[in-house]
Ligand code: AHM
Ligand code: MG
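Residue numbers (my numbering): 42 to 377.
Shown next, in the form of structure tokens:
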């Protein structure tokens with residue numbers, strides 16, 4: 042009988058692909074895997090345990106924060122802090138980054154940026170949510186406290202990125218620059234098994250994912266692109282199909298498997314859109330490019346943008362390369 046490869050086995054087998062010291066990324070991803078399992082457990086219990094509802098706080102963007110966001114944030118921080126690979130973490134749920142300065146972190150060479158529970162407004166309606174993470178090598182000297190510059194690096198400097206999706210199955214999908222690999226969680230055994238090796242996105246697709254309720258606020262390029270998607274033209278498979286879950290990880294994951302485009306553009310009320318460059322767009326852009334797709338802000342490659350703030354927002358166009366290129370062509374033609 043042939044047994045499937047576990048995430049741990051896969052990481053050890055592929056350690057040589059990691060550009061820096063062997064074992065470091067393996068150890069770091071195993072911390073993320075452990076925290077992911079704990080978050081998974083909590084999400085599965087969410088409908089049973091009386092832990093739903095706003096925690097009574099707002100996050101740094103002034104949005105309602107659900108209890109599970111706080112819990113997921115705490116679980117990831119404490120798990121990563123217990124081990125010595127990273128010297129600091131930045132999270133959607135915290136205004137400032139945290140620097141780890143205990144003895145075990147003195148040689149740490151990495152920082153993590155993350156959205157511990159993205160799409161959390163979907164939890165109380167039993168719809169998929171996810172965790173997004175991005176890993177960088179620090180630019181400051183090991184042995185000193187982490188500084189903001191360690192976190193404000195462009196996406197092209199990421200050494201690894203990935204997400205956990207808590208859907209009908211729980212999966213962990215990651216890249217360290219050698220393709221995208223997906224692992225499905227077997228809750229009976231407590232392990233992630235390689236289920237989607239070398240994931241690639243179709244070059245073209247038929248699915249567009251956007252919150253069309255905001256149509257009146259969209260730039261003209263997006264309005265015209267959407268109308269183009271909806272036109273009848275059998276030679277280009279149009280009209281396309283609209284699918285929007287409102288959970289970036291779930292929309293991204295579906296488009297990755299089936300081909301499609303996800304757009305969160307700027308609007309008149311949100312001049313830079315909603316999504317955050319450092320812990321939502323950059324990691325997803327790294328995964329998308331590694332899968333053969335594209336990610337841009339409508340004009341420029343996401344991973345080449347120079348960040349200036351920890352919680353910076355940016356318009357996001359991400360998916361099958363031909364679809365992103367088409368949307369960019371509309372943005373260029375109808376600039377406003
Ligand atoms: P969050 O980080 O507060 O959960 O917001 C991010 C989420 C994404 O997962 C999703 O794609 C988007 O917000 C949906 O926003 P909207 O409801 O404006 O369409
Ligand atoms: Mg988020």
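Backbone N, C-alpha and C define an ideal beta-carbon position, used for all residues, glycine too. As the structure is a prediction and not an experimental result, all values here were calculated from the model.
Terminal residues of the alpha helix (DSSP H) in which residue i lies
i	result
residue 448	Only positions 42 to 377 of the chain appear in this structure, which leaves residue 448 out of reach.
residue 120	108-122
residue 370	362-374
residue 192	189-192
residue 49	48-54
Residue environment, residue i, which counts as buried when at least 16 other CB atoms sit within 10 Å
i	result
residue 44	exposed
residue 186	exposed
residue 329	buried
residue 159	buried
residue 106	Legend: pLDDT at residue 106 = 48, less than 50; position of this residue unreliable, value from coordinates given subsequently. Answer is buried; the Cβ neighbour count reaches 16.
residue 350	exposed
residue 348	buried
residue 308	buried
residue 147	exposed
residue 137	exposed
residue 364	buried
residue 377	exposed
residue 257	exposed
residue 325	buried
residue 277	exposed
residue 215	buried
residue 221	buried
Simplified DSSP assignment, three categories, for residue i
i	result
residue 230	coil
residue 256	helix
residue 263	helix
residue 165	helix
residue 344	helix
residue 45	coil
residue 251	coil
residue 203	strand
residue 223	strand
residue 237	strand
Terminal residues of the beta strand (DSSP E) in which residue i lies
i	result
residue 157	151-159
residue 208	Element bounds for residue 208: n/a, residue is neither H nor E.
residue 127	127-132
residue 61	Segment: none, residue 61 is in no beta strand (DSSP E) and carries neither H nor E.
residue 172	170-178
Chain C within 9 Å of residue i, Cβ atoms only
i	result
residue 353	Of the chains in the structure shown, none is chain C; there is only one protein chain.
Check: residue i C-beta below 8 Å from any heavy atom of the ligand HEM
i	result
residue 279	The model on display carries the ligand AHM and the ligand MG but not the ligand HEM.
Nearest neighbour of residue i, chosen from the options [CA to CA]
i	options	result
residue 50	200, 162, 235 and 302	235
residue 196	375, 318 and 61	318
residue 306	270, 153, 132 and 357	357
residue 112	161, 353 and 61	161
residue 311	260, 208, 182 and 47	260
Where in the segment 270-334 do unbroken runs of the alpha helix (DSSP H), each at least 4 residues long, occur, reported from the N-terminal end onward?
-> Whole alpha helix (DSSP H) segments, 4+ residues: 289-299 and 323-331.
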